[in-house]
Structures are given as C-alpha cells and as structure tokens.
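First residue of the sequence shown: 2, per the numbering used here; consecutive thereafter.
Backbone N, C-alpha and C fix where the C-beta goes; we use that ideal spot for every residue, glycine too.
First comes the structure, then the notes that go with it.
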Amino acid sequence: MSGNMSINTCAEMARACRAASRVVARLNSDSKNTLLLDMAAGLRENMERILSANNRDIELARQAKLSDVLIDRLLLTPARLEAMASAMQDIAALPDPVGEITKTWHRPNGLTVSYQRIPLGVIGIIYESRPNVTADAAALCFKAGNAVFLRGGSEAFHSNQAIVTVLHHALEQHDLQSAAITMPASTERSVIMDMLNCSEDIDLIIPRGGEGLVRFVTENSRIPVIKHYKGVCHQYVDYNADIHMAIDLLVDGKCSRPGVCNALETLLVHEAIAGEFLPRAAAALSRQGVTLRGCEKTRHYVPDIEPATEDDYYAEYLSLTLAIKVVAGLEEAVSHIEQDVSDHTEVIVTRDYENARRFLSLINSSVVLVNASSRFSDGGQLGLGAEIGISTTKLHAYGPMGLESLTTQKFIVTGDGQTRHGLPWE
Numbered sequence: 002m003s004g005n006m007s008i009n010t011c012a013e014m015a016r017a018c019r020a021a022s023r024v025v026a027r028l029n030s031d032s033k034n035t036l037l038l039d040m041a042a043g044l045r046e047n048m049e050r051i052l053s054a055n056n057r058d059i060e061l062a063r064q065a066k067l068s069d070v071l072i073d074r075l076l077l078t079p080a081r082l083e084a085m086a087s088a089m090q091d092i093a094a095l096p097d098p099v100g101e102i103t104k105t106w107h108r109p110n111g112l113t114v115s116y117q118r119i120p121l122g123v124i125g126i127i128y129e130s131r132p133n134v135t136a137d138a139a140a141l142c143f144k145a146g147n148a149v150f151l152r153g154g155s156e157a158f159h160s161n162q163a164i165v166t167v168l169h170h171a172l173e174q175h176d177l178q179s180a181a182i183t184m185p186a187s188t189e190r191s192v193i194m195d196m197l198n199c200s201e202d203i204d205l206i207i208p209r210g211g212e213g214l215v216r217f218v219t220e221n222s223r224i225p226v227i228k229h230y231k232g233v234c235h236q237y238v239d240y241n242a243d244i245h246m247a248i249d250l251l252v253d254g255k256c257s258r259p260g261v262c263n264a265l266e267t268l269l270v271h272e273a274i275a276g277e278f279l280p281r282a283a284a285a286l287s288r289q290g291v292t293l294r295g296c297e298k299t300r301h302y303v304p305d306i307e308p309a310t311e312d313d314y315y316a317e318y319l320s321l322t323l324a325i326k327v328v329a330g331l332e333e334a335v336s337h338i339e340q341d342v343s344d345h346t347e348v349i350v351t352r353d354y355e356n357a358r359r360f361l362s363l364i365n366s367s368v369v370l371v372n373a374s375s376r377f378s379d380g381g382q383l384g385l386g387a388e389i390g391i392s393t394t395k396l397h398a399y400g401p402m403g404l405e406s407l408t409t410q411k412f413i414v415t416g417d418g419q420t421r422h423g424l425p426w427e
C-alpha cells in the first residue's frame, strides 16, 4: 500500500465509520445485546479458523525472535478464546449506559435540567500484541453506542483479521454496516499516522501498548488521546503489616502474570519490618524464579541479590524481575511513588487504620488498594464487567475504563415557554 493510497483509504474508512456510528447510536439495548450474543457465538463457531490464524502469527513472532512476554500476549488458546466469547456475553448482560439520566435539578425560573449519557461517536484504538483486545474493544464500544476504528499490532495481523471477519459477519446478519467495526487490512505503520489525522471523523484515540507507542500517539495525534501508559505498580509493606498476607499479595502481584500492566514492579518495605519480612519474601519469590534487585539496606538483609540502580525503580519490567527498596516510613514510600509518572496502581499492606487512610489520601494513582493484590486493578475485577483498558490520563476517564467511560453527557433542558430577556416582538 503506497503512502497516498494509505492516506486516502484511511480517510475514507474513517468517514464510513462515522456514518455507521450514527446508526449504532440509535440502536436500542435489546438490538445491541442480541448482536453481542451472536458475536460471542461466532467466536466459538469459528474457533479453529481463529486459532489457525493465530498459529501463523506465533510462528512469525518466533522467527522474528520476539520475547516470551510478547508471544504470551499474542497467544490465543481455546481457553482464551472462550474467555473472549464469555466476556462478550458479560458485556451484553451489563446495564446500557446510553440514555441514562445521571442527574436532574430544577432552576428557580421553572426550567428542569438533566444530564443524559450519550455515545462518544467513533473511538480509535491503537494497540499491540493482544488479539483479545480486538473483540473486547469492539464489544465495549458497540454496547456504549459507538463505532470503533481498530489498528492492532502487525505481529497479530492474521489473528485480528480473523476475529474482525467473524464480527463483520454478525453485523451483516443484523443488516448493519461492517464499517461500525473498522480495521484496515494493512501492517504499514503509516496507517497509525493516517488515523491520527482523521480528526473530523474519529472522536477519541486510546493507545494501548508500550511506552514508545503511547508517546508516539500522544505527540502526533490531532485527536484527543486517553493514555494507557506503562504500569510501574508498587506495593508498600508498612511497619506492622501481616507478613503472611504481605507475601501472599506480593507473590500474586508479581508472579501470577508478570507481563500485564497491573503486575507489581517495585516493593517498598518499612525499615522496622525489613529484617523479618525481606528474607521470607525473597525466599518465596526465588521459588517462583523472580530476579531481585535491591538497595543497600535491602542487600544487608538479602545479600545475594543484585544491586538496584535508580532506573530499576522506574522500570516496567513485564517479567519476573522486582526492584526492592527499604524506606524509613510511609512518608518516604509516598515520596518515592510520587516520583513515578505512570500513576497506575499502588498497594499498601498495613494493620494501621490511620496509615491506610493517609496512603489513600496522599496517593492519587488511578487505583489505590489496601491489603489487596495489585492484580485487582482490572475493570472486570472491580465490577465494571469489562474494560477498554486502564487510563492513566486524568481528563475524562481515570483508571479501568468500562462502559460509562465510553460515553459523554449532554444537557437536556425542558421548560414551558421561559425566555431569558423577554424582548418585545409584537
């Protein structure tokens, strides 16, 4: 695909997506839910074809010597495909946010003013590796009354195209335009730049991927961007923490799935508990194959680990590596967390009620947890049903983005003939 063809095609596709969005916005809840259930059934019925396409992507990824973490993100299995289909069913079962009146008040002049949720329009999603995002994003955007313009990573090209083909078939079976779920059949990186210039037809861009992708989109987009930035997640173990609980949360947060954005990357430990906690924690993590890097005080208690550099404390490893720092107390832990720019997810493990309240008050990351694993920083786990991602941008949406985050609100004003100035006209 040439550069000019790419620009023209992308602009034309965005215009078609905009036209389709007007139809989607008018669908009632039953119509959207029935379509989502048919999409879920289509994923199950076409499982072999989707897995075959995914196998081709996996083979190419291995030839390109992509990391094991990226290959794990790329991999589809029958269980993961079933989870995608089940997620669509779950989204169908969620309350429809479109049309909801969220607030009503009455003015002294007799006007009644309300907020009503409406779709955003066309949402552009640029993402890497994970083909499950194709189905999840399409379903969430559609349930919230939006059309979606998808640009997946080139490494997942065949998987994404196979999934979109299934979704298009469901749309066509319901006499809806396939442009409601648009994905260019191109692996050219120039498509991303073309998307970012379609400001008249795409209302919002959500990048999901590595730091480089998010930075590129943010710096080049003519369309508003909600960033899903890197997750440098911290767990702070307070002076009187339950040690068994703290190790449980640490192992779960670091080891259950190290390649995801809500995995722990840095452990902060109060100096009063470090001597008892760190050797036990290090032993538990070592049994899981975790490489530890620590400050000088940490290495006093666990001498056989690697020394940590300053960069280690701001790294999103996405692997079985953990940075550890011993701190004087809550204030130093908070100060350390504030130096990180990701604002993703932070955990405190404590039996001190006031310290828990203070941590919640001082830390303004998108998700802050007390005595619970960082892995709960997830839309499904927090009761949103599903998520489009975890926003680290405070404007419009912050934290896990569910259906409501994919809508905006309009004012509805009703009166009985009120005028502002009452100018004579007869």
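Nearest residue (CA-CA) to residue i, options the options
i	options	result
Lys144	Pro425, Ile413, Gly386	Gly386
Thr103	Ala139, Val252, Phe412, Glu173	Phe412
Asn161	Arg57, Cys234, Ala17	Arg57
Ser200	Cys11, Ala398, Gly390	Cys11
Cys296	Ser30, Leu286, Glu307	Glu307
Arg118	Gln410, Arg63, Thr346	Gln410
Gln340	Ile248, Ser115, Val233	Val233
His271	Val238, Asp204, Thr346, Lys231	Val238
Leu431	Lys231, Ala86, Ile59, Gly380	The question about residue 431 has no answer here: the residues shown for the chain are numbered 2 through 427.
Ala139	Pro109, Met85, Gly154	Met85
Arg281	Leu265, Thr299, Ile207, Lys231	Thr299
Buried versus exposed call for residue i [16 or more other C-beta atoms within 10 Å across all chains shown]
i	result
Pro185	buried
Val342	exposed
Ser3	Because Ser3 sits at a pLDDT of 37, beneath the cut-off of 50, its placement in the model cannot be relied upon, and the point is left open.
Glu197	The sequence given here places Leu at residue 197; Glu does not occur at that position. Leu197 is buried by the Cβ-count criterion.
Val414	exposed
Lys255	buried
Gly213	exposed
Leu404	buried
Asp176	exposed
Gln236	buried
Lys395	exposed
Met310	Strictly speaking, residue 310 in this sequence is Thr, with Met absent from that position. When all chains shown are included, Thr310 counts as exposed.
Through-space distance from residue j to residue i, alpha-carbon basis
i	j	result
Glu332	Arg352	17 Å
Gln419	Gly111	8 Å
Leu67	Thr322	18 Å
Glu173	Asp91	22 Å
Ala324	Asp312	10 Å
Ile224	Gly330	43 Å
Ala398	Val252	30 Å
Thr408	Gly122	9 Å
Leu268	Lys326	6 Å
Ile124	Ala41	21 Å
Val226	Arg376	25 Å
Gly100	Ser191	37 Å
Val335	Pro304	26 Å
Ala88	Trp106	37 Å
Ala285	Arg258	16 Å
Gly384	Phe217	32 Å
Ser366	Cys262	14 Å
Contained alpha helix (DSSP H) runs [length at least 4] in the region 59–91, N- to C-terminal order: 69–75
Within the region 188–216, ranges of the alpha helix (DSSP H) (whole runs, at least 4 residues): 191–197
Length-filtered (3 minimum) beta strand (DSSP E) runs lying within the region 120–181: 123–128, 148–152
Those runs of the alpha helix (DSSP H) which lie wholly inside the region 351–385 and span at least 4 residues: List check, alpha helix (DSSP H) in window: 354–363.
Segment contact flag, the region 287–301 with the region 312–322, C-beta cutoff 8 Å, min 3 pairs: Touching, yes.
Validate contact between the region 129–147 and the region 25–33 using beta carbons, cut 8 Å, 3 pairs: Between the region 129–147 and the region 25–33 there are three or more inter-stretch CB-CB distances shorter than 8 Å, so the stretches are counted as touching.
The region 148–155 touching the region 176–185, judged by at least three CB pairs closer than 8 Å: yes
Segment contact flag, the region 379–395 with the region 70–79, C-beta cutoff 8 Å, min 3 pairs: no
contact_flag[the region 230–250, the region 348–365] where n(CB pairs < 8 Å) is 3 or more: yes
Entirely enclosed beta strand (DSSP E) segments - the region 279–363, minimum 3 residues: 292–295, 322–328, 346–350
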